[in-house]
Amino acid sequence: MSANSLPEGAAVWHSLEVDKALDLLDSNAESGLTPQEIQQRLQKYGPNELEETTGRSTWEILLDQFKNIMLLMLIGVALISGLIDLWGWRTGTLKPGEVPFKDTIAILAIVILNGILGYVQESRAEKALAALKKMTSPLVRVIRDTRFVEIAAKELVPGDVMLLEAGMQIAADGRLIEQSNLQIRESALTGEAEAVNKQASLKLPEETSLGDRLNVVFQGTEVVQGRGKVLVTNTGMTTELGKIAAMLQAVESEPTPLQQRMTQLGNVLVTGSLILVAIVVVGGVIKDGGFKNIQELLEVSLSMAVAVVPEGLPAVITVTLALGTQRMVRQNALIRKLPAVETLGSVTTICSDKTGTLTQNKMVVQSVSTNNKTFRVTGEGYAPTGDFQLDGQKISLEESPEIPALSVACTICNDSVLQKEQGEWAILGDPTEGALLTLAGKAGIEKDQWNSKLPRVAEFPFSSERKRMSVITQVEGVATGEASSRGIDPAIAGFLESEPYLMFTKGSPELTLARSTQIHLGNYTGPLTEEHRQKILAENDLMASKGLRVLGFAYKPLVEIPPSGSDETSEQDLVWLGLVGMLDAPRPEVRAAVQECRDAGIRPIMITGDHQLTARAIATNLGIAQEGDRVLTGQELQRMTDQELEQNVDLVSIYARVSPEHKLRIVQALQRRGRFVAMTGDGVNDAPALKQADIGIAMGITGTDVSKEASDMVLLDDNFATIVSATKEGRVVYTNIRRFIKYILGSNIGEVLTIAAAPLIGLGGVPLTPLQILWMNLVTDGLPALALAVEPPEPDVMQRPPFSPRESIFARGLGSYMIRIGIIFAIISIALMWWAYQHTHAAGYQGDPETWKTMVFTTLCIAQMGHAIAIRSNNRLTIEMNPFSNIFVLAAVVVTTILQLMLVYVPPLRDFFGTHYLNMQELGVCIGFSALMFVWIEAEKIFLRIMGKKAV
């Protein structure tokens with residue numbers, strides 16, 4: 001068979017017999033492929049590598065930063081300003097002492113800084129594919145041309161015969177040819193923690209899910225024990241790992257809500273500025289009757305263009321987000337991508353894993369049924385402290401000797417260890433067996449003591465076919481020749497008469513019960529009647545319906561140690577002990593967090609690979625779903641079209657038996673419904689869904705490197721409550737961003753209108769130079785804005801629905817506030833400007849006639865300080881607030897005012913910024929006019945309070 005006639009990877013290998021798979025790939029299990037066949041297949045399939053699509057280069061990312069419309073306008077302003085300075089320098093028309101090009105240099109410096117800031121945020125390359133590549137093995141042993149050889153993994157081709165042994169990382173997907181005790185850990189790929197026992201002889205249905213394909217192996221998984229021989233069926237991008245890589249690269253990153261809003265803001269500001277510039281230039285030309293004052297009009301236009309762009313805004317937003325990340329880290333949420341801080345505040349839906357996130361990832365026994373009684377067991381985690389309750393009342397173990405008897409079986413039939421580490425109880429071994437040790441501890445049964453009382457002498461290990469395990473122990477009191485009742489602990493005194501051995505069995509309740517003929521009833525044994533059986537099975541069904549994992553326990557006295565392999569005959573005529581029902585218990589803090597979600601208008605959804613009954617029990621317990629709510633299983637989801645799933649996603653809050661690849665479809669369906677989705681995940685297969693989600697959340701403890709690299713946020717404690725805390729922080733950050741945007745842009749509008757008014761009302765020259773405007777936008781606006789960024793949250797921040805992530809930055813009155821305050825700002829400034837111009841041009845004035853410009857500059861700056869104090873709250877008056885609840889605002893106001901006065905009264909700074917000395921009368925007038933801004937905003941609050949309206 002030629003390479004061109006080989007299957008293209010569409011064959012369902014797990015549904016084929018080994019011989020059929022070998023025939024399809026024209027390979028031989030004993031001799032492998034010939035060198036000629038290998039070359040042909042390498043040409044057809046290419047190397048066994050994950051291919052990476054070419055993304056943007058470093059230079060492309062950097063250049064993209066300068067495509068921002070506000071930065072482009074600033075670049076244009078800098079160039080025109082430079083040309084004007086160049087003309088003045090060459091013609092000798094520069095003012096005495098004036099430094100040429102200082103405005104151009106300052107503006108370009110701001111442009112470059114903003115560009116670098118954007119580049120640093122965006123240039124963090126996606127490393128999820130690199131993490132995927134680490135999961136492939138560098139070397140692999142194969143059979144080629146009848147010889148055993150070791151080759152580079154990238155040289156593997158379909159049809160190769162690959163050899164596996166313990167500790168190897170599998171280099172390609174393949175169909176098992178033969179195996180011996182082969183166990184493979186596939187948790188990174190399927191999410192299932194336990195190693196999978198592989199069986200080459202199986203032929204499985206085509207629809208078998210990935211985690212249940214026991215006759216195939218997958219690239220990137222790890223051989224835990226045993227050995228095997230594998231026919232390579234898929235390499236490179238056709239492997240399951242390759243499909244994940246393709247999905248990862250197919251998911252396109254959408255701009256975050258904040259990025260979209262900043263783009264919209266830039267478009268509006270630049271468009272408005274250009275319109276205003278056109279009005280001023282055209283108005284000036286008409287007023288002058290020609291172009292004789294065109295240079296002055298150009299200088300006014302340049303100042304207006306610089307005034308309208310909030311140069312300090314990107315830096316303030318970046319610092320605000322960075323401060324938000326620091327606060328989140330203290331709450332165990334590590335933010336990997338800075339814009340995700342604000343994006344969290346827009347989340348409408350949180351899709352969460354169950355195990356370890358909503359639950360403790362610790363199995364805890366909830367219920368015990370023995371001697372026809374069902375006891376409730378209290379306690380948290382693995383701590384061996386708790387009570388046994390019957391009908392809500394605590395019972396004593398003396399009154400119920402069947403509980404210690406059952407607890408002995410839980411302890412002996414157990415391979416795990418319960419120990420205390422650094423003040424915390426922990427399990428070494430299987431969590432299920434750990435829960436049984438904790439139960440026994442609550443009954444006063446300790447493993448170390450009982451291992452000496454009943455030392456293990458033999459066992460029949462658990463297997464998936466038998467669904468049970470048995471341990472044979474030697475009864476020390478009997479074996480040493482003592483009387484049957486002496487030397488034996490009272491807990492098992494009724495178990496035997498003179499037999500020297502006891503066998504304890506645990507496993508599937510139905511199968512263990514079927515092998516039992518007697519029942520332990522407190523201190524004696526009686527026949528197991530049909531009525532007993534029906535009651536036990538009914539109780540088993542009741543426990544299972546509550547989502548509990550149920551185990552059955554029995555024992556049998558033995559005269560001798562049974563021979564190895566005699567489990568089928570030895571595990572007969574058992575004495576039934578009882579049922580134990582356990583659950584991966586919910587985290588105690590999650591119930592309150594789910595309620596907080598609901599109060600905040602956020603919908604929590606559970607997505608788990610666990611059984612639907614368990615999922616329903618946990619979801620109902622936590623308040624994620626109500627009794628009777630629909631549970632959608634992975635099989636049902638698989639049969640749905642995308643349109644059908646989209647119609648159902650708003651109706652389903654529990655997804656059970658869902659494989660990680662289904663998560664991507666769920667996220668996309670929710671997003672098509674307009675939901676803003678946070679998704680948790682820990683496995684490799686979760687990576688595409690994490691990247692697709694608006695907020696991808698990886699697990700810090702159990703998560704793979706691939707899932708972490710694909711995520712926006714990492715939960716350091718794997719706790720759902722941490723997601724809710726981070727969401728709250730995101731809302732606070734967004735509220736504060738809106739607050740300082742109101743503050744910055746209100747003043748910018750005032751600046752633009754003041755500058756535009758100067759030539760239109762007949763005042764000579766431009767009141768503010770570009771350098772002075774940059775000072776205002778960076779320092780006078782920037783420092784108080786940074787202080788407003790750490791304003792504490794409003795009390796009702798988690799008592800309202802999330803704001804739409806698609807709302808405009810100007811929504812909910814912010815736009816009207818900016819225009820209103822900007823106009824008031826301009827009226828105050830223009831009034832001051834008119835008075836100052838008349839004052840400095842009056843006969844007998846001793847100072848420089850240009851001093852009026854410094855008065856305008858100073859008034860604008862100090863008025864902003866009053867604005868910063870008043871804007872801390874939308875509704876409360878400043879006198880009603882604790883001035884020290886945000887000490888940074890007070891500090892910023894004091895520092896900024898001092899810096900502003902230094903520009904007026906320190907000669908070198910005065911010369912550089914082109915300001916003039918103000919006497920005390922002039923400074924007093926500036927402060928008086930500036931105070932009107934504070935008075936106006938406070939008066940607005942009083943007016944709105946009287947009218948019964950709430951400010952934005």
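In this note's numbering, the protein residues as written are 1 to 952.
Cβ coordinates follow ideal geometry from the N, Cα and C atoms, glycine included.
On a predicted model such as this, the values are computed, not experimentally measured, just so you know.
Closest by C-alpha distance to residue i, when choosing among the options
i	options	result
L551	A409, L74 and Q360	A409
V368	Q389, I607 and C597	Q389
R376	Y382, E299, P384 and I395	I395
I828	G844, G928 and T854	G928
T146	R90, H532, R739 and N28	N28
A1011	Q366, L768 and R731	Beyond the ends of the chain as shown, which are 1 and 952, falls residue 1011; an answer cannot be given.
S885	I488, F810, A811 and E791	E791
T727	M855, M881, V329 and E560	V329
D415	F462, E398 and I561	F462
Q264	A811, C926 and E560	A811
Sequence-distant residues of the same chain with beta carbon closer than 7 Å to residue i, five excluded per side
i	result
G283	L760
N523	P401 and G494
R630	L651 and V652
Q612	V631, T633, A656 and R657
S516	L528, A554, L574, V575 and W576
A435	M363, V364, V365 and M582
L521	N371
V594	P604, L622, G623 and I624
T897	I862 and M865
Euclidean distance between Cα positions of residue i and residue j
i	j	result
H14	A153	23 Å
R945	N875	8 Å
A166	G228	9 Å
C351	T512	38 Å
K198	D19	18 Å
G681	I335	15 Å
L156	R144	11 Å
M503	E531	25 Å
L323	L338	10 Å
F934	T878	10 Å
A931	A842	25 Å
T370	Q422	35 Å
F555	I184	Note on identity: in this sequence residue 555 is Tyr, with Phe being the wrong assignment. If you take the alpha carbons of Y555 and I184, they lie about 33 Å apart.
V196	S187	9 Å
P257	I110	25 Å
R41	V12	20 Å
V309	F740	14 Å
T702	K708	10 Å
F218	P35	25 Å
Residue i - partner residues in DSSP beta bridges
i	result
E424	E421
D584	M363
V196	I184
Y45	None, per the DSSP bridge assignment.
Extent of the continuous beta strand (DSSP E) run through residue i
i	result
R227	E222 to N234
M503	Y501 to G507
A152	R147 to A152
F375	K373 to V377
H520	S516 to L521
Q595	Careful: Q595 lies outside any beta strand (DSSP E), inside the alpha helix (DSSP H) at V590 to D599.
K556	R549 to L558
Residue range of the unbroken alpha helix (DSSP H) whose run includes residue i
i	result
S816	L814 to T840
K941	M920 to M947
T271	P257 to D288
Contact set for residue i: own chain, Cβ-Cβ below 8 Å, skip 5 residues either direction
i	result
D212	L204
G547	L583, H611, L613, T614, A615, R616, A617 and I618
T473	I412, L454, P455, R456, V457, Y501, L502, M503 and F504
Contacting residues, own chain, Cβ-Cβ under 6 Å from residue i (five flanking each side not counted)
i	result
G115	Q65 and F66
I942	none
Beta carbon proximity, residue i to chain C, threshold 7 Å
i	result
T104	Among the chains of the structure shown, chain C does not appear; only one protein chain is present.
Proximity test, residue i beta-carbon vs the ligand FMN heavy atom, cut-off 6 Å
i	result
Q595	Annotation note on the ligand FMN: not contained in the displayed structure, which lists no ligands.
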